[in-house]
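Here it is in structure tokens:
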């Protein structure tokens, strides 16, 4: 697979705007790792991994996986792909627990516009607390905490489209 | 317990809790669903909602005279599949409105789950998905308010009520008709999947080539209606390219009211 300048620019733009520092992409034989910031050794525990779907599963050419993370960062509804693109499937969370979207849809951090978020980064959450909402075709799904702990990070943008299984938040559970 | 609404006829498998006042029928359904297996078929009806709400927390005027209801429906383990129940509810409302108003009134479905009466908004539908345990089917709380006696005047999009359109209907008849139609369409969806629902919706929904806008956040995409995808997504022709939309607010692109 040849990599064009445009591809490189897209990848650099992606990591610039992404909420993580390291991206490892595997796509049709190409393996590419990008790390933001000053040099240093590549730490595989920091990986956010995008994986391509098995070739047999693709009925039509799928978009390159780099588009996946963009879906979480734009409010353009036209970004919804015809075939759900591969989503971020693993994030190294240390001892943290990832909160994933059960479906493609719009991610809401607030119960209504103008209201405070259900939970802020750094705040404590109890098992069963509502963390966010996902809307698909005007059906709302409340995403609740599966563990008690501290909301470490919010990885998706409020009011933007997210993919099935996309990691939305990280919770550091109680000891 | 509301005496007049508490005696309406119910389809098989539905059972009713009726209230004179409630904060929100969806909230009450959620409270009664918490902590156990979903009470499929539970119907909450109130004569008045004190804190009625629409999509994204929008206030829903809920004075007596209109129908305020929520039904706990068996859904799917997948919330995206369960979202098809929005079309099920819309078709039940469509049938109800056609039944009480007779012919010559235009009832149109708007993607994904709104229904217009003579081009104006007459219903508010708010669906909430509750995941099942493990691989068990989830539940959808289908909140539905139908403007029977009155409607708000200061809305972004034109609204109406049955009364304002010259249709005299008892709220009990509207409620019973809606629940019967909802039960029918829900059974069709459970037994036959989305395709029969999709076909019925296409007959009542947007016309091919109808100009539509989809708004989400600050973004607006304009195109013409092509189809309802087999999973329920809206398909528009946008500058010659077919695009799918699974979320967003839909407006008529010629300035009329939308979903």
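Chains as they are written, first to last, in the numbering used here: chain A, 4 to 178; chain B, 639 to 897.
We put the CB at the ideal spot given by N, CA and C, even for glycine.
State the CB to CB distance for the pair residue 921 of chain B and residue 752 of chain B, rounded to an integer number of angstroms; the pair is presumed to be in contact (CB under 8 Å).
A question about residue 921 of chain B goes unanswered here, because the residues of chain B that appear run from 639 up to 897.
Label residue 742 of chain B either buried or exposed according to how many other C-beta atoms from any shown protein chain fall within 10 Å of its C-beta, with 16 as the threshold for buried.
When all chains shown are included, residue 742 of chain B counts as exposed.
For the stretch 155-166 of chain A, which residues have a CB atom closer than 8 Å to at least one CB atom of chain B, in sequence order?
Per Cβ criterion, the list reads 162, 163, 164.
Taking only beta-carbon positions, decide if residue 766 of chain B is within less than 8 Å of chain A.
Yes, its Cβ sits closer than 8 Å to a Cβ of chain A.
Could you tell me which whole beta strand (DSSP E) segments of length 3 or greater appear in the stretch 763-837 of chain B?
The stretch 763-837 of chain B contains these whole beta strand (DSSP E) runs: 777-784.
Which stretch, first to last residue, makes up the beta strand (DSSP E) that contains residue 652 of chain B?
Taken as a continuous stretch (DSSP letters only), residue 652 of chain B belongs to no beta strand (DSSP E), as it is neither H nor E.
Quick test of the definition: if touching needs 3 or more C-beta pairs under 8 Å, does the stretch 797-817 of chain B touch the stretch 725-737 of chain B?
Contact between the stretch 797-817 of chain B and the stretch 725-737 of chain B is present, because at least three Cβ pairs lie under 8 Å.
Could you please give me the residues that DSSP links to residue 133 of chain A through a beta bridge?
Partner(s): A:147.
So with Cβ pairs under 8 Å, would you call residue 121 of chain A a contact of chain B?
No, because no Cβ of chain B sits closer than 8 Å to the Cβ of residue 121 of chain A.
From the beta carbon of residue 107 of chain A, is the nearest beta carbon of chain B less than 8 Å away?
Chain B contact via Cβ: present.
According to the Cβ coordinates, are residue 855 of chain B and residue 162 of chain A closer than 8 Å?
Result yes, Cβ atoms of residue 855 of chain B and residue 162 of chain A sit closer than 8 Å.
DSSP on residue 158 of chain A, reduced to helix/strand/coil?
Coil, per DSSP.
Express the C-alpha separation of residue 708 of chain B and residue 841 of chain B in angstroms, rounding to a whole number.
Straight-line Cα distance between these residues: approximately 26 Å.
In angstroms with no decimal places, state the Cα-to-Cα distance between residue 824 of chain B and residue 832 of chain B.
Approximately 10 Å between the Cα atoms of the pair.
Within 10 angstroms of the Cβ of residue 845 of chain B, are there 16 or more other Cβ atoms? Answer buried if so, exposed if not.
The residue is exposed, with fewer than 16 neighbouring Cβ atoms inside 10 Å.
Let me see if you follow: with CB-CB separation under 8 Å, is residue 142 of chain A close to chain B or not?
Yes, its Cβ sits closer than 8 Å to a Cβ of chain B.
Can you give the Cα-Cα distance for residue 863 of chain B and residue 791 of chain B, rounded to whole angstroms?
The straight-line gap from Cα to Cα measures roughly 29 Å.
Per DSSP, which residues does residue 761 of chain B bridge with? Please list them.
Answer is B:784.
Is there a C-beta anywhere in chain A that falls below 8 Å from the one on residue 778 of chain B?
It does: the Cβ of residue 778 of chain B has a partner Cβ on chain A nearer than 8 Å.
Do residue 114 of chain A and residue 151 of chain A have their C-beta atoms within less than 8 Å of each other?
No; because the gap between Cβ atoms is not below 8 Å, this pair is not in contact.
Just the Cα atoms here: how many angstroms apart are residue 786 of chain B and residue 178 of chain A?
In a straight line, the C-alpha of residue 786 of chain B is about 55 Å away from that of residue 178 of chain A.
Which bits of chain A does residue 718 of chain B rub up against, with CB to CB less than 7 Å?
Going along chain A in sequence order, the residues near residue 718 of chain B (Cβ under 7 Å) are 106, 107, 139.
Please report the residue range of the alpha helix (DSSP H) in which residue 667 of chain B lies.
Run containing residue 667 of chain B: 663-671, per the alpha helix (DSSP H) assignment.
If you measure between the beta carbons of residue 133 of chain A and residue 147 of chain A, is that distance less than 8 Å?
Going by C-beta atoms, residue 133 of chain A is nearer than 8 Å to residue 147 of chain A.
Contact defined as beta carbons within less than 8 Å: I believe residue 710 of chain B pairs with residue 679 of chain B. What is the distance between those atoms, to the nearest angstrom?
Rounded, the Cβ-Cβ distance is 7 Å, consistent with contact.
What are the boundary residues of the beta strand (DSSP E) that residue 898 of chain B is part of?
As displayed, chain B neither begins before 639 nor continues past 897, which places residue 898 of chain B out of reach and without an answer.
Compare the C-beta of residue 843 of chain B with all C-beta atoms of chain A and state if any pair is closer than 8 Å.
No, because no Cβ of chain A sits closer than 8 Å to the Cβ of residue 843 of chain B.
Starting from the beta carbon of residue 724 of chain B, find every residue of chain A whose beta carbon is closer than 7 Å, and list them in chain order.
The contacting residues are 140, 141, 142.
For residue 99 of chain A, count the other beta carbons within 10 Å of its own beta carbon; 16 or more makes it buried, fewer makes it exposed. Which is it?
With 16 or more Cβ atoms within 10 Å of its Cβ, residue 99 of chain A is classed as buried.
Around the Cβ of residue 111 of chain A, are there at least 16 other Cβ atoms within 10 angstroms (buried) or fewer (exposed)?
Its Cβ being crowded by 16 or more others within 10 Å, residue 111 of chain A is buried.
Can you tell which of B:788, B:685, B:837, B:757 has the C-alpha that lies nearest to the C-alpha of residue 796 of chain B?
Of the listed residues, the one whose Cα sits closest to residue 796 of chain B is B:757.
For residue 794 of chain B, does the count of other Cβ atoms within 10 angstroms reach 16, so buried, or fall short, so exposed?
So residue 794 of chain B counts as exposed.
Which residue's Cα is closest to the Cα of residue 749 of chain B: B:691, B:879, B:647, B:871?
The shortest C-alpha separation from residue 749 of chain B is found at B:871.
So if DSSP puts residue 172 of chain A in a beta bridge, which residue, or which two residues, is it bridged to?
BP columns for residue 172 of chain A point to A:102, A:157.
Please determine if the stretch 116-135 of chain A and the stretch 712-720 of chain B are in contact, where contact requires at least 3 C-beta pairs separated by less than 8 Å.
No: the two stretches stay apart, fewer than three of their Cβ pairs being nearer than 8 Å.
Give a yes or no on whether 8 Å exceeds the smallest Cβ distance from residue 870 of chain B to chain A.
Yes, residue 870 of chain B counts as interfacial toward chain A.
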